[in-house]
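Residue 138 in full-length UniProt numbering is what sits at position 138 of the sequence shown, and the numbering runs on without skipping anything.
Beta carbons are placed, not taken as given, at the ideal position from N, Cα and C, and that holds for glycine.
Predicted model, so just to flag it, every value in this text is computed and none were measured.
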Amino acid sequence: MEFETIIQNLKSKTYSPIYLLQGEEPYFIDIISNYIEKNVLLEAERGFNQTVFYGKDSDPIVIAESAMRFPMMANQQVIIVKEAQSLNKIETLASYAEKPLSSTILVLNYKYKNLDSRTRLAKAIKKNGVIFTSKKIYENKVPNWIESYLKGKNYTITPQAAQILTAYLGNALSKVANELEKLVIAVKDTTKITPEHIEKNIGLSKDYNIFELQNALGEKNVFKTNQIIRYFGENPSTNPIQKTISNLYFYFSKLFTYHFLKDKSERNVSAELRVHPFIAKSYIAAAKRYSPTKLYEIMGILRDYDMKSKGFEVSTMVDMADLQKEMIYKILH
1 MEFETIIQNL KSKTYSPIYL LQGEEPYFID IISNYIEKNV LLEAERGFNQ
51 TVFYGKDSDP IVIAESAMRF PMMANQQVII VKEAQSLNKI ETLASYAEKP
101 LSSTILVLNY KYKNLDSRTR LAKAIKKNGV IFTSKKIYEN KVPNWIESYL
151 KGKNYTITPQ AAQILTAYLG NALSKVANEL EKLVIAVKDT TKITPEHIEK
201 NIGLSKDYNI FELQNALGEK NVFKTNQIIR YFGENPSTNP IQKTISNLYF
251 YFSKLFTYHF LKDKSERNVS AELRVHPFIA KSYIAAAKRY SPTKLYEIMG
301 ILRDYDMKSK GFEVSTMVDM ADLQKEMIYK ILH
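(1) Measure how close the beta-carbons of I31 and N109 come, nearest whole angstrom, since I'm counting them as under 8 Å.
(2) So the candidates are F232, N239, L217, K38; which of them puts its Cα closest to the Cα of K330?
(3) Taking only runs that begin and end inside the stretch 224–274, name each unbroken alpha helix (DSSP H) of 4 or more residues, in chain order.
(4) Can you list, in chain order, the stretches of the beta strand (DSSP E) that have 3 or more residues and sit fully within the stretch 125–182?
(5) How about L248 and L302: are their beta carbons less than 7 Å apart?
(6) Does N75 come out as helix, strand or coil in the three-state DSSP assignment?
(7) In angstroms, rounded to a whole number, what distance separates the CA positions of T119 and N268?
(8) For A64, I'd like the list of residues in its chain whose CB is within less than 8 Å of its CB, leaving aside the five on either flank, ordered along the chain.
(9) If you compare alpha carbons, which of M68, I105, Y54, V81 is closest to L10?
(10) Output needed for I298: all residues of its chain with C-beta closer than 7 Å, excluding positions within five of it in sequence on either side, in chain order.
(11) Going by alpha carbons, who is nearest to D57 out of Q76, K89, I125?
(12) Go to I31, then tell me how far its alpha helix (DSSP H) extends in each direction, as first and last residue.
(13) Among S237, N235, K288, which has the Cα closest to the Cα of F260?
(14) Can you tell me the Cα-Cα spacing of I151 and I193, whole angstroms?
(15) Between F132, I210, L183, which has its C-alpha nearest K200's C-alpha?
(16) What does DSSP give as the partner residues of L21 in its beta bridges?
(17) Residues bridged to K82 by DSSP?
(18) Which residues share a DSSP beta bridge with T104?
(19) Can you tell me whether I328 is helix, strand or coil according to DSSP?
(20) Any idea which residues DSSP pairs I193 with across the strands?
(21) With DSSP run on the structure shown, which of helix, strand or coil describes S120?
(22) Starting from T293, follow the alpha helix (DSSP H) in both directions and report where the run begins and ends.
(23) Using the Cα positions of P17 and N128, report the straight-line distance between them to the nearest angstrom.
(24) What whole-angstrom Cβ distance do I284 and Y258 have, given they're in contact under 8 Å?
(25) Mapping the DSSP letters down to three states, classify N221 as helix, strand or coil.
(26) Could you spell out where the alpha helix (DSSP H) holding S12 opens and where it closes?
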């Protein structure tokens, strides 16, 4: 079942006896589980009718026995099993799942992995409850997710600001949502979030960030590139060399892939390279400035400096800022 459908059903008080919330992305699992925990029962009903178990410290037999009890002075009881992926012998719950109590809502938070769909337990939950699989979203989808998240709070964000946040926060949605909440609280003068707001409230420079470094390298703008990399060297806590290398490898590998696309239209480039449509045009222009041979060489340079940044084949006294400058010089020349 889809996330939006589950939330809509919960809001309309249409409940299932069992929810298996599984998958690599914990954000959506937490949203569903927290909604059930905070909204199904009234506060006065929770004392007798809401129980939270933790997988590592719990016995599935005890959980099943608890689920078989009837609620006290309430229509439902709620049982939430957090970290269910650590529950020893979770398959023991299969007998209960095959004949669940309609007045119990059992929630299994099975994070970072999926329950084997071939098991008796998974088949029983599929028949009698709800299975939601929370998948990691691709990084190119994060800017759109940011826009959608903020829209729900009556805010908008510029494409560049969304790209800056994505470059530094990646696709860990819980982390991204946390930073967006900070922005919503901090930004009072407008409902449109810009790179200036990010710089002021999160501490990421609007001019000296990985997104601007990629653009400068893509344009082969030596002066701007050196300005940014100098700033990175002076601010290593927010711009560690390993993160810079990782992002640049991601960037140049996509430029390399571009050369082998049959359809080089902006729309297809956005889809195939999994980049936001806003930046597809800049990727196309950058790829035309670098031959496949040079891009292959650059990826080798990045792999080499990744090893050096971890202490291989260099002195332990080497300065990371100097290492970054040397790496960028080789990329540009």
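Walking through what the data contain:
(1) About 11 Å separates the two Cβ atoms, so there is no contact after all.
(2) When only C-alpha atoms are compared, the closest one is L217.
(3) Here the runs fully enclosed are 241–258, 266–273.
(4) Runs of the beta strand (DSSP E) lying entirely within the stretch 125–182, each at least 3 residues long, are 130–134 in chain order.
(5) Yes, Cβ-Cβ distance for L248 and L302 is below 7 Å.
(6) In this structure, N75 counts as coil in the three-state DSSP scheme.
(7) Taking the straight line joining both Cα atoms gives about 40 Å.
(8) Excluding positions up to five away in sequence, the list reads T92, L93, S95, Y96.
(9) For the residues M68, I105, Y54, V81, the minimum Cα distance to L10 belongs to I105.
(10) These residues qualify, in order along the chain: F252, I331.
(11) Checking every option, the nearest Cα to that of D57 belongs to K89.
(12) Its alpha helix (DSSP H) spans residues 26–39.
(13) Ranking the options by Cα distance to F260, first place goes to K288.
(14) Sequence inspection shows Lys at residue 151; the Ile mentioned does not correspond to that position. Their backbone Cα atoms lie some 11 Å apart in a straight line.
(15) Ranked by Cα distance from K200, the first of F132, I210, L183 is L183.
(16) Residue pairing by DSSP places L21 opposite N109, F132 in a beta bridge.
(17) DSSP output for K82 lists Y54 as bridge partner(s).
(18) According to DSSP, T104 bridges with Q77.
(19) Correct three-state label for I328: helix.
(20) According to DSSP, which records beta bridges pairwise, I193 is partnered with I157.
(21) Here residue 120 turns out to be Arg, not Ser, going by the sequence shown. Three-state result, R120: helix.
(22) 292–309 is the span of the alpha helix (DSSP H), which, as asked, contains T293.
(23) Computed Cα separation, rounded: 7 Å.
(24) That belief holds up - the Cβ atoms of I284 and Y258 are roughly 7 Å apart, short of 8 Å.
(25) N221 carries a coil assignment under DSSP once its states are collapsed to helix, strand and coil.
(26) No residue range can be given for S12, since it is assigned to no alpha helix (DSSP H) and is classified by DSSP as neither H nor E.
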